[in-house]
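Enquirer: My questions all concern the structure below.
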Amino acid sequence: MLNPDGVIVGNYRCSLSGRDLNRNYKTVLKDAYPSIWHTREMVKRFMTETELVLYCDFHGHSRKQNVFVYGCENKNAPNERLKERIFPAMLSKNDPSK
Numbered sequence: 001m002l003n004p005d006g007v008i009v010g011n012y013r014c015s016l017s018g019r020d021l022n023r024n025y026k027t028v029l030k031d032a033y034p035s036i037w038h039t040r041e042m043v044k045r046f047m048t049e050t051e052l053v054l055y056c057d058f059h060g061h062s063r064k065q066n067v068f069v070y071g072c073e074n075k076n077a078p079n080e081r082l083k084e085r086i087f088p089a090m091l092s093k094n095d096p097s098k
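Counting along the sequence shown from 1, when you hit position 3 you're at 3 in UniProt numbering, and nothing is skipped either side.
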């Protein structure tokens, strides 16, 4: 979880300081967005050690149950679109409520 301080006070999107963590993944401000900064650094370090095949960004909803997967479209490689959709499709197929 990247936002425990916000969630503990009932704010699922913003940090305790009121910053929207979902809109600041490109930030270089370590002190303003520490959880985002450290996550990015961890992924960068991981990518120097091995191939990164999948990064999952699971989101919870403030008024609904369960989670959903959020991802970006790779516009540089449209032929990879099927690969990007396999994991969410597998999650959906294995949903016990369906």
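For each residue, glycine too, the CB sits at the ideal point set by N, CA and C.
Classify I36 as buried or exposed, calling it buried when 16 or more other Cβ atoms lie within 10 Å of its own Cβ.
Expert: Numbered from 1 along the sequence shown, position 36 holds the residue referred to as residue 36. It counts as buried.
Enquirer: Quick one: grab the DSSP three-state call for V67.
Expert: Taking the sequence shown and counting its residues from 1, one reaches residue 67 at position 67. V67 falls in the strand class under three-state DSSP.
Enquirer: Whole angstroms are fine: how far does the CA of I8 sit from the CA of Y33?
Expert: As a first step, residue 33 is located in the sequence shown; it is residue number 33 there, counting from the start. As a first step, residue 8 is located in the sequence shown; it is residue number 8 there, counting from the start. Roughly 17 Å separates the two Cα atoms.
Enquirer: Please check the pair D5 and R13, which I expect to be a contact at CB under 8 Å, by giving their CB distance rounded to whole angstroms.
Expert: For this step, residue 5 is matched to residue 5 along the sequence shown. For this step, residue 13 is matched to residue 13 along the sequence shown. Not really, about 12 Å apart at Cβ, beyond 8 Å.
Enquirer: Tell me the start and end of each unbroken alpha helix (DSSP H) in the UniProt domain "Peptidase M14" (1-98) that is at least 4 residues and wholly inside, in chain order.
Expert: Whole alpha helix (DSSP H) segments, 4+ residues: 4-8, 34-49 and 81-93.
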